[in-house]
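If you read the sequence shown in my numbering, its first letter stands for residue 380, the second for the next number, and so on.
From the three backbone atoms N, C-alpha and C, an ideal C-beta is built for every residue, glycine too.
Right, one structure below, let's go through it.
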Amino acid sequence: MIKNIIMLLIAGILVGPSVVFSAQPTNETFTGGSNGWVGTTASAFGSFGAWSFTGGAARVLFSNPGFPVPESATLSNTPSATSGSFTGNYDAAGIDTIGFSFLAPQIVPVGFVILEWAGSTSLYQRGFTVTSTGVWYHFTASLADEDRHQWTTLLGSSNDFTAARQSVSYVTIRFSRNGLLDHQFVVDNVFLAGRPGGASFTHDSGGLITWDGLVAGVGYQVQSTTNLISASWVGVESLTATGNLHTTIITNETQPAKSFRILFE
């Protein structure tokens, strides 16, 4: 009997509790390395690109192949990447926005930078354009059901969009090299978030507006308008969130009443 108990304890230690990952708002900065993300390159003539996760970003370096070679680079999450935050039920986690930052230091990529995500039986993608070198592009896409037609359906139907959000299996960012010269591309701040908001106002001199639902490391812009009908919005401040909350200080101005909003930058 004692022997059986010992064997059961050993089995319990070896197997251990199962780890369950679930989607949650997050910002992958790659500060600690790949954190479970995988970078690959491929062409019909072999691979002339190599990924690295250094300097707080994901980087792919394309070397000169000596002849024109169309080659793509792909950055994908594994089920446990970023502690599983990109896999699972986005609806339950209140996630309706996905985004990332992209930099082409020397040469712009060929065609679009593609963002792709998959549910259990559906696959969607959206393209973003990079036209300048040396400039960080901050791309944001809505996952709300009313914006599903912004995505190209590769598998399943656009009518499956809501159900797909409840069982996301992977997220991929893909792009292609351009020309023969050595060059690199950089991806950073791959994030999931709910729409920021939940503003509360505190009257103190001019006033304080506290926003919630922000994701640390993600850029936002606060805007104001004096006319909601014309919807002519003016930037008040740009910020990179350091946590869930941010307070905007409103100076005491002798102007008409203003309305404020916060957006992804």
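Margin query: Once DSSP output is grouped into helix, strand and coil, what is the label at residue 540?
Written below: In the structure shown, residue 540 falls within a helical segment according to DSSP collapsed to helix, strand and coil.
Next item on the list: Identify which residue in 586, 531, 568 and 576 has its Cα closest to the Cα of residue 596.
Entry: 568
Item checked: Short Cβ contact (8 Å threshold) for residue 624 with residue 590 -> yes
Next item on the list: Excluding the 5 residues preceding and the 5 following residue 464 in the sequence, name in chain order all residues of the same chain whose CB lies nearer than 7 Å to its CB.
Entry: 402, 403, 405 and 571
Notebook entry, point to check: Roughly how many angstroms lie between the CA atoms of residue 608 and residue 638, to the nearest whole one?
Noted result: Taking the Cα positions, residue 608 is about 11 Å away from residue 638.
Notebook entry, point to check: Nearest CA to the CA of residue 497: which residue from 487, 488, 531 and 485?
Noted result: 531
Next item on the list: With residue 616 as the anchor, note down where its beta strand (DSSP E) starts and where it stops.
Entry: 613-619
Item checked: Neighbourhood of residue 458 by C-beta, 6 Å cutoff - its chain only, sequence neighbours within 5 removed -> 466
Next item on the list: Would you mind stating whether residue 537 and residue 476 have Cβ atoms separated by less than 8 Å?
Entry: no
Next item on the list: From the DSSP output, in three-state form, read off residue 525 for me.
Entry: helix
Next item on the list: Would you tell me roughly how many angstroms separate the C-alpha atoms of residue 557 and residue 486, rounded to the nearest one?
Entry: 7 Å
Next item on the list: For the beta strand (DSSP E) holding residue 451, just list the boundary residues, first then last.
Entry: 451-456
Checklist line | DSSP-derived helix/strand/coil call for residue 462 | finding: Looking at residue 462 - three-state DSSP - the assignment turns out to be helix.
Notebook entry, point to check: Are three or more beta carbon pairs between the stretch 436-445 and the stretch 537-547 nearer than 8 Å?
Noted result: no
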